[in-house]
Amino acid sequence: MHRLNWDDLQFVLAVVEAGSVAGASRQMGVNHATVLRRIAAFEESVGTQVFDRTPRGYVLRPDRLRLIAAAREVGQAVQSVHQLAQGLDAPLAGHVRVTSTDTLCQSLLPEILADLRQSAGELRLSLISTNSHLNLSRLEAELTLRPAPVLPEGLVGESPVSMAFAAYVAPGCNNAGWLGFDGAMRRSRPWAWLEPQLEPGAAIGSADSFLVLREMVAQGLGRALLPCFIARNDPRLVRLDVGLPPETATPIWVACHEELADVPRLIRVRGLLCQALRDRAAQLGP
């Protein structure tokens, strides 16, 4: 293995961050060929291939997650050296991609990010809103903040709070039929409680998003089980007592790929997100 060149490493990280060679060339202010040359130089220096060359472009190999995580730690360390040399404390900084559901991305996480800016102003978090699970082994995101009964295999994390549910309906529509769940929401605890109580095909409509279900309920299209925190203060909705058991409350996990579980920067960010959720336990409760 040859001596590592930090300049080459920056180009590798730029491709990972931008998602493409073209995006990295724009980010770094150089041409396409320069990015390719720098990547080749880095791969030669470490003696291994970092990216798969595919018809879709350069794609990070799944077994290179720890290498990229270590490279980001090097970047943070370089920045810390500069700050310490100037007599400044090294704050938590850098770029972290967080994936979560549309419900949490729109109704909770922006508030949390605003608070984090007060304690970690140099930390840059990107929210990726999707109700399906991204492939963290491809670094589509580094952290996930997601409601689920259990974590999928290959992820590690903790669940500091649970998200409570209740039944809601538009005023005057108490006898309306049930709206069902689609997509990943069909694996949720509320649906596991409701589905056995419905005749096949009895749901009069459905959605794969709690935010969409809320709007359907508000328009009088039916009643639905919704997270309490997005429904309790909506004047268009009325809460129903349907005997929903407390066990339908769903843990919210803050997790990452198991290969990245011991990365110091991600450990710190996970801790901040967990504490932010604990601070909002009452908001997420019944």
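Start counting the sequence shown at 15; every next residue gets the next number (my numbering). All C-beta atoms in this analysis are idealised placements derived from N, C-alpha and C, irrespective of residue type, glycine included.
In the DSSP assignment, M42 falls within the alpha helix (DSSP H) that extends over V35 to M42. The DSSP-derived three-state label of E57 is helix.
Positions of the beta strand (DSSP E) runs, each at least 3 residues long and wholly inside the stretch 238-278, are given as 238-241, 252-254 and 264-271 in order along the chain.
Straight-line spacing of the CA atoms in I82 and L27 works out to 7 Å. The beta carbon of V35 lies closer than 7 Å to those of V29, H46, V49, L50, G71 and Y72 in the same chain, with the five residues before and after it left out. In the structure shown, I218 falls within a coil segment according to DSSP collapsed to helix, strand and coil. Assignment of beta-bridge partners to R200 by DSSP yields no partner.
Separation of the CB atoms of L208 and V231 is rounded to 14 Å, and the pair is thereby denied contact status at 8 Å. Here R111 is not near A162, since their CB atoms are 8 Å or more apart. T113 and F195 have their C-alpha atoms roughly 21 Å apart. In the three-state reduction of the DSSP assignment, R294 falls in the coil class. Taking A263 as the centre and dropping the five residues before and after it, the same chain places the C-beta of S176 and A178 closer than 6 Å to its C-beta, in chain order.
Inter-residue distance for A85 and E125 is about 30 Å (C-alpha atoms, whole angstroms). Shown here, A178 sits in coil according to DSSP, grouped into three states, outside any helix or strand.
Setting aside the 5 residues that flank it on each side, A275 is surrounded in the same chain by V170, each with a C-beta closer than 7 Å to its C-beta; the list follows chain order.
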